[in-house]
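Asker:
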Amino acid sequence: MRDDIAIIGGGIGGLCLAQGLRKAGKNVTVYERDRTPGDRVQGYRVHIDPNGARALHDCLPPELWRAFLATTGRGGQDFGFLTEQLGLLTLIETPPAADPADDHHSVSRITLRQVLLSGLEDVVRYGKTFERYERLPDGRTELFFADGSTARADVVIAADGGNSRVRAQYLPHALRVDTGITTVAGKFPLTEETRRLIAPRLSDGPNSIIPPKGMGMFVAPHDVAGLAPVDGIGVTEQDGALMDNTSAYILWAVGAGQGRFPRDVAEMSGERLRDTVERMIGSWHPDLRRMVAMSDPDTVSLLPIRTSIPIDPWPASTITLLGDAIHSMTPMRGIGANTALRDARLLFQALTSGRETVEAIAWYENQMREYGFAAVRDSLNAARQFVGESVLGRLGFKTFLRTAQRFPRLKEKAFS
Numbered sequence: 001m002r003d004d005i006a007i008i009g010g011g012i013g014g015l016c017l018a019q020g021l022r023k024a025g026k027n028v029t030v031y032e033r034d035r036t037p038g039d040r041v042q043g044y045r046v047h048i049d050p051n052g053a054r055a056l057h058d059c060l061p062p063e064l065w066r067a068f069l070a071t072t073g074r075g076g077q078d079f080g081f082l083t084e085q086l087g088l089l090t091l092i093e094t095p096p097a098a099d100p101a102d103d104h105h106s107v108s109r110i111t112l113r114q115v116l117l118s119g120l121e122d123v124v125r126y127g128k129t130f131e132r133y134e135r136l137p138d139g140r141t142e143l144f145f146a147d148g149s150t151a152r153a154d155v156v157i158a159a160d161g162g163n164s165r166v167r168a169q170y171l172p173h174a175l176r177v178d179t180g181i182t183t184v185a186g187k188f189p190l191t192e193e194t195r196r197l198i199a200p201r202l203s204d205g206p207n208s209i210i211p212p213k214g215m216g217m218f219v220a221p222h223d224v225a226g227l228a229p230v231d232g233i234g235v236t237e238q239d240g241a242l243m244d245n246t247s248a249y250i251l252w253a254v255g256a257g258q259g260r261f262p263r264d265v266a267e268m269s270g271e272r273l274r275d276t277v278e279r280m281i282g283s284w285h286p287d288l289r290r291m292v293a294m295s296d297p298d299t300v301s302l303l304p305i306r307t308s309i310p311i312d313p314w315p316a317s318t319i320t321l322l323g324d325a326i327h328s329m330t331p332m333r334g335i336g337a338n339t340a341l342r343d344a345r346l347l348f349q350a351l352t353s354g355r356e357t358v359e360a361i362a363w364y365e366n367q368m369r370e371y372g373f374a375a376v377r378d379s380l381n382a383a384r385q386f387v388g389e390s391v392l393g394r395l396g397f398k399t400f401l402r403t404a405q406r407f408p409r410l411k412e413k414a415f416s
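full-length UniProt numbering applies: residue 1 is where the sequence shown begins, and numbers increase by one.
1) For the beta strand (DSSP E) containing residue 45, name the first residue and the last one.
2) Does the distance from the CB of residue 68 to the CB of residue 206 come in under 7 Å?
3) Thinking C-beta only, is residue 57 closer than 7 Å to residue 18?
4) Check this for me: beta carbons of residue 297 and residue 323, under 7 Å apart or not?
5) Taking a contact to mean a Cβ-Cβ separation below 7 Å, would you say residue 287 touches residue 198 in this structure?
6) Going along the chain, which residues of its own chain have a beta-carbon closer than 7 Å to the beta-carbon of residue 167, five neighbours each way excluded?
7) Out of 135, 350, 184 and 149, which has the shortest C-alpha to C-alpha gap to residue 278?
8) Looking only at its chain, what residues have a beta carbon closer than 7 Å to the beta carbon of residue 388, apart from the 5 residues adjacent to it on each side?
9) Can you list the alpha helix (DSSP H) stretches of 4 or more residues lying completely in the segment 335–409, in chain order?
10) Rounding to the nearest angstrom, what Cα-Cα distance links residue 1 and residue 352 in this structure?
11) May I ask you to report which of helix, strand or coil DSSP gives residue 32?
12) Since I believe residue 337 is in contact with residue 12 (beta carbons under 8 Å), could you give me their beta-carbon distance rounded to a whole number of angstroms?
13) Do the segment 367–378 and the segment 395–402 touch if we need at least three Cβ pairs shorter than 8 Å?
14) Would you say residue 311 lies against chain D (beta-carbon separation less than 7 Å)?
15) On the DSSP letters alone, give me the boundaries of the alpha helix (DSSP H) that residue 298 sits inside.
16) So the candidates are 33, 152, 301 and 254; which of them puts its Cα closest to the Cα of residue 282?
17) Once DSSP output is grouped into helix, strand and coil, what is the label at residue 92?
18) Is it the case that the segment 44–61 contacts the segment 140–152, given that we only count it when at least three CB pairs across the two stretches are under 8 Å?
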C-alpha cells in the first residue's frame, strides 16, 4: 500500500516537491487555494542559484529540466555594488559553471510556474483553501477545506507560504513579523533603444545601489530576446505588462525603513508608487531616475518585507513544512525561492529514501532548520544593511568594497 502525500500550497517549493515525488512513483496530491493556474501569478524575475538549480534538476523529469534551461533569461552573473551616482565600488565576478545544474539562472516566475505545473494536471486540485486538520486514530490526517470538502493523507506537507494555516495550527509559536521595511518594485523595459539610455553596467548584470543612508536599490536584468517557447512554456497567458514573460526588462526595487515612504503608501496606485520613488531618488544618477520614470505603472508594486522568527526544534511527525511556511525571509539576499527549492529536494530525498516516514521527516527537518533559519538571519541582516540609517556605517561598508576591488584576494575571501 502506498502512502498518500498531501502538499498544501502550489508555490515553487510545493510544486518542485510534487514533481519529484510524482517522478518517483509516489501518490501525491497538491491542494491549491487558487481557482485556476493563473490566479495571483507574480510577474517578476527570480534568481535561481546552484541550490535551486540542483533541486530543479533532481526533481524535474528530464524533459522539463531541458524546458527550464531553454526558457531562462540572460541576466548576467557578475554582481556589482554601485554608489547612487553609479560609481563602481566592487564587482564580484562569477564565471559560468560547467554543469547548468550548478549554475545561476534568471527566470520569470510565471515561466517557472509553467514549468513546475507541466504534467501535474491530475495532481493539483484547485480551489482548495485549507482551513484545518485533525489527527485520526489510525495515524492519518484529515484535511478540511473552505468549500466543505475533506481529504485524508498519511503525510501532510505545508507549502502554503508565509501566512501558512498549517503552521498556525501545527507550530502556533512560529511567528512571522513585519520588519518595518517597505519595498517598491517595477520593470524597466529593455530594448535596443532603452539600452542606450542607461549605463551598460545596469543591463550587464545585477547590482546593489548604495546611497549614503536610509535606502537601497537593487536592479537586475532579465533578457529573453531570442528565446522561443517550449511546449507552451514561456508563453504570456495573461494581459498586462506585469504578467508579460516574453519581453526583456530590468527589475528594480527600492527599499526604505519606516518613515521614509509616505504614510498612505499602501493605498497608492502603481503610478503614484512610481512617482513617489522617483521623487525619493531625485538626487541620484539620472540613469536610475530614468529607469523608474520609464517603467509602466502596471508593473510597479508595493512589497512589505516580513520575516520569520527562528524557533527551537520540534518533535518530528507525519506533518512537516517547507519554504516560506516555516522560514520566510526578506528578499534582500535573493535566496528565499532557492531555499524553498532546496527544501523540496531534501524532502524528496527523505521521502524516497526507504526510511520509516517519521524518521525520514526528522532527517529532513534537522538539516532544513539549520540552513533555513541561518538564511532567515542572514537575509534579515542584509535587509537592515540595505536600508541602514548610519552614515558612518555606510561609509565604512563602501570603503571596504572599494578596498576589496583593489585587492582580488580580499574580494575572493570576502565573497566566496
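Yeah, the Cβ is synthetic: ideal placement off N, Cα and C, and Gly gets one too.
Answerer: So, from the data block:
1) As a first step, residue 45 must be located in the sequence shown, where it is residue number 45. Where residue 45 is concerned, the enclosing beta strand (DSSP E) stretches over 45–48.
2) Position 68 of the sequence shown, counting from 1, holds the residue named residue 68. Position 206 of the sequence shown, counting from 1, holds the residue named residue 206. For residue 68 and residue 206, no; Cβs fall outside 7 Å.
3) Against the sequence shown, residue 18 aligns to sequence position 18. Against the sequence shown, residue 57 aligns to sequence position 57. No, Cβ-Cβ distance for residue 18 and residue 57 is not below 7 Å.
4) As a position in the sequence shown, residue 297 is number 297, starting the count at 1. As a position in the sequence shown, residue 323 is number 323, starting the count at 1. No, the Cβ-Cβ distance between residue 297 and residue 323 is not below 7 Å.
5) Here residue 287 refers to the residue found at position 287 of the sequence shown. Here residue 198 refers to the residue found at position 198 of the sequence shown. Cβ distance < 7 Å, so residue 287 and residue 198 count as in contact.
6) Within the sequence shown, residue 167 is the residue found at index 167, counting from 1. Same-chain partners within the cutoff: 158, 174, 321, 325 and 326.
7) Here the question's residue 278 lines up with position 278 in the sequence shown. Nearest C-alpha to residue 278: 184.
8) As a first step, residue 388 is located in the sequence shown; it is residue number 388 there, counting from the start. Counting only Cβ-Cβ distances below 7 Å, and skipping sequence neighbours, we find 213 and 394.
9) 336–351, 357–386 and 391–406
10) Numbered from 1 along the sequence shown, position 1 holds the residue referred to as residue 1. Numbered from 1 along the sequence shown, position 352 holds the residue referred to as residue 352. Because the pLDDT of residue 1 is 41, which lies under 50, any placement of that residue in the model is unreliable, and the question is left without a value.
11) Taking the sequence shown and counting its residues from 1, one reaches residue 32 at position 32. Three-state result, residue 32: coil.
12) Here residue 12 is taken as the residue at index 12 of the sequence shown, counted from 1. Here residue 337 is taken as the residue at index 337 of the sequence shown, counted from 1. Sure, about 5 Å apart at Cβ, within 8 Å.
13) no
14) Structure shown: chain D not included; a single protein chain is present.
15) Position 298 of the sequence shown, counting from 1, holds the residue named residue 298. Unbroken run through residue 298: none, as it is neither H nor E.
16) For the purposes of this step, residue 282 is taken as residue 282 along the sequence shown, with counting starting at 1. Closest by alpha carbon: 254.
17) Stepping through the sequence shown from its first residue, residue 92 is reached at position 92. Reduced to three states, the DSSP call for residue 92 is strand.
18) no
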